[in-house]
Structure formats: structure tokens, C-alpha cells
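Numbering-wise (our numbering), the sequence shown opens with residue 6 and increments by one.
Built from N, CA and C at the ideal position, the CB exists for glycine as well.
Structure first, then comments.
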Amino acid sequence: IGRMSTQRRTEAGRINVLLTVAQMALVLGRRHMSAYGSVKSRKDFTQAQLMACLILKTYKKTTYRGVMEELCSSSELRRVLGLDKVPHWTTIQKFGQRTNVMEVAEAMLAEILEAAMAGGDEAEASLFVAAALDATGLESSSASAHFVSRSGRERRRYVKLSVAVVCGTLLPASVVIDWGPTNDKVQARALLDKASRVIRPDVVYADAGYDAEWVHRYCHEDWDAAPAIHPVRHKPGRPGGLYRSPMTKSWLTRIGYGMRWHVESFFSGLKRTMGSTLNARSDRGLFTEAMLKVLTYAMRR
Numbered sequence: 006i007g008r009m010s011t012q013r014r015t016e017a018g019r020i021n022v023l024l025t026v027a028q029m030a031l032v033l034g035r036r037h038m039s040a041y042g043s044v045k046s047r048k049d050f051t052q053a054q055l056m057a058c059l060i061l062k063t064y065k066k067t068t069y070r071g072v073m074e075e076l077c078s079s080s081e082l083r084r085v086l087g088l089d090k091v092p093h094w095t096t097i098q099k100f101g102q103r104t105n106v107m108e109v110a111e112a113m114l115a116e117i118l119e120a121a122m123a124g125g126d127e128a129e130a131s132l133f134v135a136a137a138l139d140a141t142g143l144e145s146s147s148a149s150a151h152f153v154s155r156s157g158r159e160r161r162r163y164v165k166l167s168v169a170v171v172c173g174t175l176l177p178a179s180v181v182i183d184w185g186p187t188n189d190k191v192q193a194r195a196l197l198d199k200a201s202r203v204i205r206p207d208v209v210y211a212d213a214g215y216d217a218e219w220v221h222r223y224c225h226e227d228w229d230a231a232p233a234i235h236p237v238r239h240k241p242g243r244p245g246g247l248y249r250s251p252m253t254k255s256w257l258t259r260i261g262y263g264m265r266w267h268v269e270s271f272f273s274g275l276k277r278t279m280g281s282t283l284n285a286r287s288d289r290g291l292f293t294e295a296m297l298k299v300l301t302y303a304m305r306r
């Protein structure tokens, strides 16, 4: 998947990323969705085609009307998606509101990661796998956090995106979307459980937001992994707890705690290319849009 043999190229020979993402979205969508959502469907468009339209909307950072206009103006894009006609923007919007879109997106993400890890150096991959955990916020309003702060208003809530990234690939193994602000440990259990379906890392890197004895225990006993989690210090001396106590500065340096920057790089790339603002208005729409940002960025990589 990561290097599709039919990558679309421009006349100058360069890869057309938009067409490649569209083709990848269609191929993956067909693997994880039935052709039509109902036996009584009009069968104008397959579910995979509509999923690809949602991903194109996210890639272009446009509206539902905007992606419809994009399809109308590009015969090559319609050809790649196998569209005889262009879906109305309300058709795409209603498909995006379905409850299974996020589950399908997670399954597509898992397949992308599997393909990326299998396509690398097998000897190197079999020796060492590291994961890095962290969370960031996506704005549910066009007003930036800086503007809200300077205007004296209170930033009440934002969409919180928690991710476990496989170091080296900079691809997510699991994604949890919730409302913030909350402590990172609130989403940690779900984040670790989802990641365990895809990977078994040797080392897990995380900042102080994930510092808890039960997180260390999960890494040791469920994954047989060495956690490298920066401890929260309330007093001088070693951290308490059986698994937390080794988390000294010198030990974190030896185990390569600096690898945690991989998840920061993932968030940086995500926000630079996909944007940090969500346009949806309903809670479900905001969460779905956040998941599609992650999926689209993974495809783009």
C-alpha cells in the first residue's frame, strides 16, 4: 500500500500525491466496507467511493461543497475513483455522519501501519520496535487558542487527540479521541488497549502526563515492554512504586528517552499539512473529522 505500483504521476514524472491518496483510499475502503450500505440502496456510489470523497475533503482542507467542485473540475480524479457522476455534497455529508466511519478509518490505519512495517528492513524491524505516546488538541472553532487567551475568554473545551506512534515509521498504532482538557491518563487505558491489537513494542516512551504505576505495569506485564516515562516529582528522591522507581534521569537517557520526539514530529506534521482546526459542528462530526485527519495524514506519508 505504501508504494502502490500504479502511483499517479504528472507529465513531468513527479508523483501526484492527490491522485495517489485517492486511489489508496478507494483500495482500502473496498477492503473494509461492503459495496453498498443497504440492499435497497440506489447504487449510485459505493461506500468506498464516498469514503474516498471524505478523505479528499480532509486532504484539500475544504468543505463538502468544495470537494464536490474538486471532483467536477477533475476528470482524472473521477476516473481514479471510478465515478460516472459526481455525488451531491449532501450525499457525502450524510455518509460522514454514519457511526461506522471511525471504525473503518481505524481499520484502514492499522493496515497502513502493517504494510509500512512489513515493507522496511525485516531484520531491523524484528530486533526493535518502539512506541511513543502523547496527546494534542484540535480546535473546534476558527478562533485560535492564542486569540481566545488574549481576548480574556476562557477556553472551555477542545477535541483531544491521543496517539500511540510507532517510532521510525511516524505512523499511529492507535488513536483515541475525546474532549479536553483532561489528564492524559484518562485516555491512556483505551490508547494502550487499541495499540495492543496492532503492535507489541519493546520500549514505550511517554511524558509525565502518563506517569502512573498502572501504566508501567501494563507495559511490563501485558506487553513485556520497558516503559520510559518521565516521572512526576512531588518531592526529592526516587519515584515511588515498583515499576516507577527506576525512572531516574540517567536511566531515561540510557534507554533513549529522546525517541519520544517521534510523536511530537507526528503532531507537527499533522497540523502543518492537515490543519489544527475542525469545521464540523456536532460532537460526532468533530470526532470523525479528527480521525479522518489522522488517516489522511498517514496516507499522505
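In the DSSP output, which residue or residues are listed as bridge partners for residue i?
i	result
Tyr210	Ala137, Ala233
Asp183	Lys165
Leu143	Val164
Leu176	Val171
Thr258	Per DSSP, none; premise fails for Thr258.
Thr282	Glu144
Determine the extent of the alpha helix (DSSP H) in which residue i is found, giving its start and end residues.
i	result
Tyr163	No alpha helix (DSSP H) contains Tyr163, which is instead part of the beta strand (DSSP E) from 163-171.
Ile97	94-101
Trp219	218-222
Thr301	288-305
Lys199	190-201
Ser80	80-86
Leu247	Segment: none, Leu247 is in no alpha helix (DSSP H) and carries neither H nor E.
Glu226	From DSSP, Glu226 is part of no alpha helix (DSSP H); its letter is neither H nor E.
Phe204	A quick correction: the sequence has Ile, not Phe, at residue 204. Counting along the chain, Ile204 falls outside any alpha helix (DSSP H), and DSSP gives it neither H nor E.
Met264	No alpha helix (DSSP H) holds Met264; DSSP gives it neither H nor E.
Val109	106-123
Determine the direct distance from the alpha carbon of residue j to that of residue i, and round the result to whole angstroms.
i	j	result
Ala17	Pro244	With a pLDDT of 41 at Ala17, under the threshold of 50, the modelled position of this residue cannot be trusted, and the question is left open.
Arg161	Thr253	36 Å
Ser167	Pro251	26 Å
Asn284	Leu247	45 Å
Thr11	Gly71	With a pLDDT of only 47 at Thr11, under 50, the local geometry of the prediction cannot be trusted, and no value is derived from it.
Val209	Ile97	39 Å
Glu261	Pro232	Per the sequence shown, residue 261 should be read as Gly rather than Glu. Going from the Cα of Gly261 to the Cα of Pro232 covers about 11 Å.
Asp207	Asp227	12 Å
Arg305	Val220	32 Å
Thr174	Val191	26 Å
Glu75	Leu143	25 Å
Gly205	Leu61	For the record, residue 205 in the displayed sequence is Arg; it is not Gly. Cα to Cα, the separation comes out at about 32 Å.
Gly124	Val171	14 Å
Ala27	Thr258	42 Å
Lys66	Leu300	14 Å
Tyr215	Ile182	16 Å
Val44	Lys90	21 Å
Cys58	Ala115	20 Å
Gly87	Cys77	13 Å
Asp229	Ala295	31 Å
Arg194	Phe133	23 Å
Ala112	Ser270	23 Å
Lys298	Phe272	11 Å
Arg103	Met73	19 Å
Gly263	Thr68	39 Å
Gly185	Ala135	27 Å
Gln52	Tyr41	6 Å
Trp256	Arg202	29 Å
Met107	Ala140	18 Å
Glu81	Asn21	11 Å
Leu138	Val268	7 Å
Arg289	Arg155	29 Å
Arg238	Arg83	57 Å
Ser46	Asn105	17 Å
Arg265	Ser287	33 Å
Once you ignore the five residues that flank residue i on each side, which residues in its own chain have a CB closer than 6 Å to its CB?
i	result
Leu176	Leu118, Ala121, Ala303
Leu275	Tyr302
Phe50	Pro92
Phe100	Leu55
Leu291	Ser145, Val164, Leu283, Ala285
His235	Asp212, Ala213
Ser179	Ala169, Leu196, Lys199, Ala200
Tyr64	Val26, Thr301
Trp94	Tyr69, Arg70, Met73
Cys224	Val209, Ala230, Pro232
Among the residues of its own chain, which have a CB less than 7 Å from the CB of residue i, if the five just before and after it don't count?
i	result
Arg222	Tyr248
Thr278	Tyr302, Arg305
Ser281	Leu143, Glu144
Lys48	Tyr41
Once you ignore the five residues that flank residue i on each side, which residues in its own chain have a CB closer than 8 Å to its CB?
i	result
Val109	Gly34, His37, Met38, Met56
Val85	Arg13, Leu24, Ala27, Gln28, Leu31
Asn188	Gly214
> Along the chain, which unbroken stretches of the alpha helix (DSSP H) at least 4 residues long are found entirely within the stretch 19-76?
Replying inline: Scanning the stretch 19-76 from its first residue to its last, the whole alpha helix (DSSP H) runs of 4-plus residues come out as 22-37, 52-65.
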